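Q: Each residue of the sequence shown is one higher than the last, beginning at 873 in the numbering used here. Each residue gets a CB set at the ideal place from its N, CA and C atoms; glycine is no exception. All of these numbers come straight from a predicted model, not from anything done at the bench. Attaching a single structure in structure tokens format; questions to follow.
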Amino acid sequence: MIEINHLTKEFVNTDGTILKVLDDISFQIGQGDVYGIIGMSGAGKSTMLRLIGLLDTPTSGSISIRGKDLASLTGKDKIAYYKTVGTVFQGYNLLMQKTVSENVAFPLKLSRYDKGEVAERVAELLKLVGLSEKARAYPSQLSGGQKQRVAIARALATRPQLLLCDEPTSALDSLTTDSILSLLADINRTLGVTIVIITHEIDVVRKICNKVAVLEGGHLVDNGTIQDVLTHQNHEITKNFFRKGEN
Ligand code: ADP
């Protein structure tokens, strides 16, 4: 589904020097995968997610989705692509002055769904994430896990095929983390949504991912199925991650 080919991203520092944040990265994400991208802080994970979400463009190399190079998308095609991608953030990014229902309705209104469709879809999504009874609550009245459920419902509103998750459980305790991860796993299984999840926690990878890419200093040091990476892990950083997960 997603082909990442020799992807390189550089930023120019204020002093004019070049910072290579992603260096010649190639791997593939299949339809229906829950693909983890793990690395320490500064490894390049968020940059990778932004490139997949077409919020930024590569310096060289490409990302193709079903054979179409994202860099070639303009105008209507670009907007159409954004509609096929949902994003969930660590900090939820909810509209604090809006109710739970209004937050979930927001992307539907932007996409000009009619009133009846919006109400129906919001009810369906709140049921999916187990928050029907909180429809009229405000985000400040919710726990962290409930806020993340609202954010997940909102991200799924326009029926995306791809869900990008940026450290979605990093602000949550371990029990809540488990419930959010099992919700994401259910969504993957029942709706067939492909999930890319960036994290610095190996537990997240172990619990829901079928494949993983390990980033270190902008380099892809290991990737493949969890079992393959576990068996053939090449890099010290991969070993450290998996060792930590065993404690
Ligand atoms: P991670 O998500 O793994 O923590 P990031 O992708 O956020 O890593 O960042 C990787 C590196 O790129 C960091 O050194 C960061 O400071 C740098 N970086 C990210 N975005 C920019 C930018 N817009 N301009 C300059 N440097 C950036």
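Just to confirm, is the Cβ distance from I910 to I924 under 8 Å?
A: As a position in the sequence shown, residue 910 is number 38, starting the count at 1. As a position in the sequence shown, residue 924 is number 52, starting the count at 1. Going by C-beta atoms, I910 is not nearer than 8 Å to I924.
Q: How big is the Cα-Cα spacing for P930 and E882?
A: Here residue 930 refers to the residue found at position 58 of the sequence shown. Here residue 882 refers to the residue found at position 10 of the sequence shown. Using only the alpha carbons, I get a separation of about 8 Å.
Q: Would you please state the rounded distance, in angstroms, between the beta carbons of T1041 and I1052? I believe it to be under 8 Å.
A: Here residue 1041 corresponds to residue number 169 of the sequence shown, with the count starting at 1. Here residue 1052 corresponds to residue number 180 of the sequence shown, with the count starting at 1. Right, their Cβ atoms sit about 5 Å apart.
Q: Does the contact criterion of 3 or more C-beta pairs under 8 Å hold for the stretch 965-981 versus the stretch 1020-1037?
A: Output reads yes: the stretch 1020-1037 touches the stretch 965-981.
Q: Any heavy atom of ligand 1 within a distance shorter than 7 Å of the CB on G916?
A: Taking the first residue of the sequence shown as 1, we reach residue 916 at position 44. Correct: G916 has its Cβ closer than 7 Å to ligand 1.
Q: Within 10 Å of its beta-carbon, does N975 have 16 or more other beta-carbons around it, so buried, or fewer, so exposed?
A: In the sequence shown, counting from the first residue as 1, residue 975 sits at position 103. Classification of N975: buried, given that the 10 Å Cβ count is 16 or more.
Q: Tell me whether Q903 sits in a helix, a strand or coil according to DSSP, three-state version.
A: Taking the sequence shown and counting its residues from 1, the one referred to as residue 903 is at position 31. DSSP places Q903 in coil when its eight states are reduced to three.
Q: Would L926 pass as a contact of K950 if the rule is Cβ separation under 8 Å?
A: The residue given as residue 926 occupies position 54 in the sequence shown. The residue given as residue 950 occupies position 78 in the sequence shown. Contact flag set, yes.
Q: Under 7 Å: does the beta carbon of L1014 sit that close to some heavy atom of ligand 1?
A: Position 142 of the sequence shown holds residue 1014. For ligand 1, not one heavy atom lies less than 7 Å from the Cβ of L1014.
Q: Measuring CA to CA, which of T1103, Q1020, G1090 is closest to S913?
A: Position 41 of the sequence shown holds residue 913. Of T1103, Q1020, G1090, the residue nearest in Cα terms is G1090.
Q: Counting C-beta neighbours from all protein chains within 10 Å, is the total for K987 16 or more, i.e. buried, or is it exposed?
A: In the sequence shown, the residue the question calls residue 987 occupies position 115. The residue is exposed, with fewer than 16 neighbouring Cβ atoms inside 10 Å.
Q: Closer than 8 Å is the cut-off here; do at least three beta carbon pairs connect the stretch 1106-1113 with the stretch 1082-1096?
A: With a cut-off of 8 Å, the stretch 1082-1096 and the stretch 1106-1113 count as touching, because enough Cβ pairs lie within range.
Q: In terms of residue numbering, what span does the beta strand (DSSP E) encompassing T1071 cover?
A: Counted from its first residue, the sequence shown places residue 1071 at position 199. Here the beta strand (DSSP E) through T1071 covers 1066-1071.
Q: Helix or strand or just coil, what does DSSP make of T959?
A: Here residue 959 refers to the residue found at position 87 when the sequence shown is read from its first residue. Here T959 sits in strand by DSSP.
Q: For the putative contact between K1111 and I1098, defined by C-beta atoms under 8 Å, what is the C-beta separation to the nearest angstrom?
A: For the purposes of this step, residue 1111 is taken as residue 239 along the sequence shown, with counting starting at 1. For the purposes of this step, residue 1098 is taken as residue 226 along the sequence shown, with counting starting at 1. 14 Å between Cβ atoms; not a contact.
Q: Taking R984 as the reference, which of T1030, K999, K892, L942 has the closest Cα?
A: Numbered from 1 along the sequence shown, position 112 holds the residue referred to as residue 984. Looking at the Cα atoms, T1030 is the closest of the given residues.
Q: What's the C-alpha gap between K892 and I1070?
A: For this step, residue 892 is matched to residue 20 along the sequence shown. For this step, residue 1070 is matched to residue 198 along the sequence shown. In a straight line, the C-alpha of K892 is about 19 Å away from that of I1070.
Q: Quick one: give me the first and last residue of the alpha helix (DSSP H) that S1012 is part of.
A: Taking the first residue of the sequence shown as 1, we reach residue 1012 at position 140. S1012 -> no alpha helix (DSSP H), and no H or E assigned at all.
Q: My assumption, with CB atoms under 8 Å, is that S1017 sits in contact with T1048. Please give the rounded CB distance.
A: If you number the sequence shown from 1, residue 1017 lands on position 145. If you number the sequence shown from 1, residue 1048 lands on position 176. Note on identity: in this sequence residue 1017 is Gly, with Ser being the wrong assignment. Yes, G1017 and T1048 are in contact; Cβ-Cβ is about 4 Å, under 8 Å.
Q: Am I right that F961 and D1038 are in contact with their C-beta atoms under 8 Å? What's the rounded C-beta distance?
A: Against the sequence shown, residue 961 aligns to sequence position 89. Against the sequence shown, residue 1038 aligns to sequence position 166. Correct: roughly 5 Å between the Cβ atoms.
Q: Could you tell me how far apart the beta carbons of N877 and G916 are, in whole angstroms, since I believe they sit closer than 8 Å?
A: The sequence position of residue 877 within the sequence shown is 5, counting from 1. The sequence position of residue 916 within the sequence shown is 44, counting from 1. Between G916 and N877 the Cβ distance is about 16 Å, and since that is not below 8 Å, they are no contact.
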